[in-house]
Amino acid sequence: MNIYVSNLSFNVQDEDLKDYFQDYGEVTSAKVITDKFTNRSRGFGFVEMSDDAAAEKAIKELNGAMVDGRSMSVTVAKPREERSNNNNKRSFSNSGSSNRW
1 MNIYVSNLSF NVQDEDLKDY FQDYGEVTSA KVITDKFTNR SRGFGFVEMS DDAAAEKAIK
61 ELNGAMVDGR SMSVTVAKPR EERSNNNNKR SFSNSGSSNR W
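Taking the numbering used here, I'd label the letters of the sequence shown as residues 1 to 101.
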């Protein structure tokens, strides 16, 4: 089961995240998501556990737990939605327009 963990302290590393969940069962992966430009934590991550019952227990018991002065939010991860190439972004080209803005 894939678990979404948010409201993490920016000091939490992958290994820390894994340690929080290990008491509940086997953690197959734990990853804190980082900003691609600064390499700084974005305050959330994902944990993968092999046993769904253990994962459910971890979610129930760790949701709202205080870690580094922050209350973690722990839920079942939702599948990532595909992004379209044209997601209603405005075009800022000047073609066909005499307006400066």
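For each residue, glycine too, the CB sits at the ideal point set by N, CA and C.
Cβ neighbours of residue i in the same chain (closer than 6 Å, five flanking residues each side left out)
i, result
"Ala30", "Asp14, Leu17, Lys18 and Val47"
"Asp52", "Met1"
Residue i and residue j closer than 7 Å at C-beta
i, j, result
"Thr75", "Ser50", "no"
"Gly43", "Leu8", "yes"
Element boundaries [alpha helix (DSSP H), containing residue i]
i, result
"Glu56", "Asp52 to Leu62"
N-terminal and C-terminal residue of the beta strand (DSSP E) that residue i is part of
i, result
"Phe44", "Ser41 to Met49"
"Tyr4", "Asn2 to Ser6"
"Lys18", "It is not in any beta strand (DSSP E) - Lys18 instead sits in the alpha helix (DSSP H) that spans Asp14 to Gln22."
C-alpha gap between residue i and residue j, whole angstroms
i, j, result
"Tyr24", "Phe37", "34 Å"
"Thr34", "Asn11", "11 Å"
"Lys57", "Gln22", "12 Å"
"Glu81", "Asp68", "31 Å"
Residue i Cβ short of 6 Å to the ligand HEM heavy atom set
i, result
"Lys78", "Of ligands this structure carries none, so the ligand HEM is not represented either."
Residues near residue i in its chain [Cβ-Cβ closer than 8 Å; skip 5 each side]
i, result
"Ser71", "Asn7, Gly64 and Ala65"
Contacting residues, own chain, Cβ-Cβ under 7 Å from residue i (five flanking each side not counted)
i, result
"Ala77", "Asn2, Ile3, Tyr4 and Phe46"
"Arg40", "Phe10 and Thr34"
Which of helix, strand or coil DSSP assigns to residue i
i, result
"Ala30", "strand"
"Met72", "coil"
Residue i at chain D interface by Cβ criterion, 7 Å
i, result
"Asp16", "In the structure shown, chain D cannot be found, because there is only a single protein chain."
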